[in-house]
Amino acid sequence: MRQRFHEFLPRTSHDDVARQEFVKSLRGFLSSRVMPGNQAIFSQRVEPAFRAAQGRPPADRAEVRRLMTAEPYYRFWSAMQRRSQELMWESVILPTERELPDLVQRARALAAKPGPGSLRLDPQMPLPRYHTEQDIHIQPGGYHAEWTADDVSGGALYEAGLQMYMADAWGPEGAFLGELLLRYLRQRWPEFRPRRILDMGCAVGNSTLPWARAFPDAEVHAIDVAAPVLRHGHARARSLGVPVHFSQQNAEATDFEPGSFDLVVSHIMLHETSLVALPRIFRESQRLLRPGGLMLHMDIPRGDTPFRQFMHDWESYNNNEGFARFMTGLDLRGVALEGGWAPDSVEVARTVAGLNAAQKNYTDADYAFAIVVGQRP
Ligand SMILES: C[S@@+](CC[C@H](N)C(=O)[O-])C[C@H]1O[C@@H](n2cnc3c(N)ncnc32)[C@H](O)[C@@H]1O
């Protein structure tokens, strides 16, 4: 499903499209034809040789990593994968840079008009170090860099890049994760009707909009630490006709009133934070919920075998997802307890994403997202 165009995405020329289609094909080829070869090399050659020498299989992902990073095939795939990520950004940066003054101008004009939805920025808010110390996904400037006044480029790039990164598998609005978590909520609590919803780490709001559409009577808030994604997200939501209140806030400590939400959600934010931030985010979620309110923090799969875990770690070592590998094997429920949740009110559930088309190297079971589920007593 191709990306749904809206007035805050940069227009693409024939050459831009050709470049982007090339990058998509390259990435598709790497993930469907080249990447699976790593598994074959490991299970047919590397693992048997190790077993013959040591009398046991590799104990953990660190041991698999030591073995596999010596393999020319893995090194070739890894270098190509990294290069394809760089090409991906180059292909979306070109049209965004060309149109940036106009995009900024239009977002500014829209933000000056009254609702629906709103945008509240806090230029004084300190950005967390885990956010600024690396360009996440090697997106130049990450989500937060301000290349120009009232910059929206971080958001425009993220939205276009996400579509390419996921090979269109997250739908025309990149809403897949919001829809997945919404489905989980509906299956488990079919009667639940939140009146106030908070989405933490919303970026451009791609996962927020399904919540706002599913519960049109609810007041929906979305926070992020990075202003450029929020400016873009706000303009985008208005342009798509969905009311959302965006504000620049750190999920570790927000300025919302205690007990002011029925539902607090996040989609793939946790793995971009830190070991110190995680318990704070769970504590803050509990503070924000009214009694009976629900917390649903969903994060990316980390793999079930040492080999799969090693492959997931690629993003940490090569794509500036510094913290992601520390989430592997982390006892998220234990972290939530550390954040003040009572043992009988929090658990970690899993939901199968079924994204095989995009992630051909994974089984459904391996590609299950973790959800930290809490219900405030
Ligand atoms: C991978 S993106 C996910 C965006 C979106 N939720 C989605 O589903 O595509 C993670 C987002 O979390 C934000 N983030 C990271 N740490 C945060 C924090 N402590 N408070 C608020 N947002 C945070 C980042 O700025 C980034 O926009």
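Per this note's numbering, residue 6 is the first one in the sequence shown, and the count goes up by one each step.
We treat Cβ as the ideally placed atom computed from N, Cα and C, and that holds for glycine.
Within 10 Å of its beta-carbon, does residue i have 16 or more other beta-carbons around it, so buried, or fewer, so exposed?
i	result
M130	exposed
A362	Low confidence applies here, because A362 scores a pLDDT of 44, under 50, leaving its location unreliable and the question unanswered by this model.
A45	exposed
A84	exposed
R16	exposed
P121	exposed
S48	exposed
W194	exposed
T74	exposed
P311	buried
D204	buried
R88	exposed
F181	buried
Q86	buried
G308	buried
E26	exposed
R61	exposed
E289	buried
R71	exposed
F81	exposed
A242	buried
R236	buried
A358	buried
For my contact list, residue i and residue j are in at a C-beta cut-off of 8 Å; report their separation, rounded to the angstrom.
i	j	result
E224	R198	Between R198 and E224 the Cβ distance is about 13 Å, and since that is not below 8 Å, they are no contact.
P63	E52	7 Å
G179	Q168	6 Å
D318	R66	6 Å
I228	T259	6 Å
Q110	I143	With 8 Å as the limit, Q110 and I143 do not qualify as a contact, their Cβ atoms being about 28 Å apart.
A341	F287	4 Å
G297	V249	That pair is no contact at about 24 Å.
L245	H11	6 Å
S212	G183	4 Å
Go through its chain and collect everything with a Cβ distance to residue i's Cβ below 8 Å, but skip five positions before and after it.
i	result
L99	D21, R24
R355	A373, F374, A375, I376
Q291	M300, G344, G345, W346, G379, R381
Y135	E277, T278, S279, A282, G327, F328
S265	R201, L293, R295
P263	R292, L293
T137	G147, H149
R103	P15
Below 7 Å CB to CB, which residues in the same chain sit around residue i once its five sequence neighbours on both sides are set aside?
i	result
P177	M6, R7, Q8, R9
L14	A161, E164, A165
A172	K29, R32, G33, A363
V247	L214, A217, R218
E352	R338, V378
E76	I46, V51
Among the residues of its own chain, which have a CB less than 6 Å from the CB of residue i, if the five just before and after it don't count?
i	result
Y148	G159, A231, V234
L268	P199, I202, L299
Q139	N325, G327
E320	E326, A329
H19	none
Y125	It is Arg, not Tyr, that sits at residue 125 in the sequence shown. Here the set comprises S252.
N323	R87
T333	R307, Q314
V69	P63, P311, F312, F315
A240	F13, A112, L115
Y79	N43, M73
S96	R24, Q25, V28
S123	H250
V39	W82
H226	L203, H250
For chain D, is any of its Cβ atoms less than 8 Å away from the one on residue i?
i	result
V281	The question asks about chain D, but that chain is absent: this structure has only one protein chain.
The stretch 271-279 touching the stretch 292-307, judged by at least three CB pairs closer than 8 Å: Segments in contact, yes.
Quick check: the stretch 147-154 against the stretch 181-196, are at least 3 beta-carbon pairs closer than 8 Å? no
List in chain order: all unbroken alpha helix (DSSP H) runs of 4+ residues lying wholly within the stretch 87-144. 134-137
Is it the case that the stretch 130-144 contacts the stretch 242-255, given that we only count it when at least three CB pairs across the two stretches are under 8 Å? yes
To test your reading of the DSSP string, which unbroken beta strand (DSSP E) runs of 3 or more residues are found completely within the stretch 296-338? none
Continuous alpha helix (DSSP H) assignments of at least 4 residues falling wholly in the stretch 228-282: As far as the stretch 228-282 is concerned, its whole alpha helix (DSSP H) runs of at least 4 residues are 232-244.
Can you give, in chain order, each stretch of the alpha helix (DSSP H) that sits fully within the stretch 7-94 and has at least 4 residues? 19-34, 41-46, 52-59, 66-73
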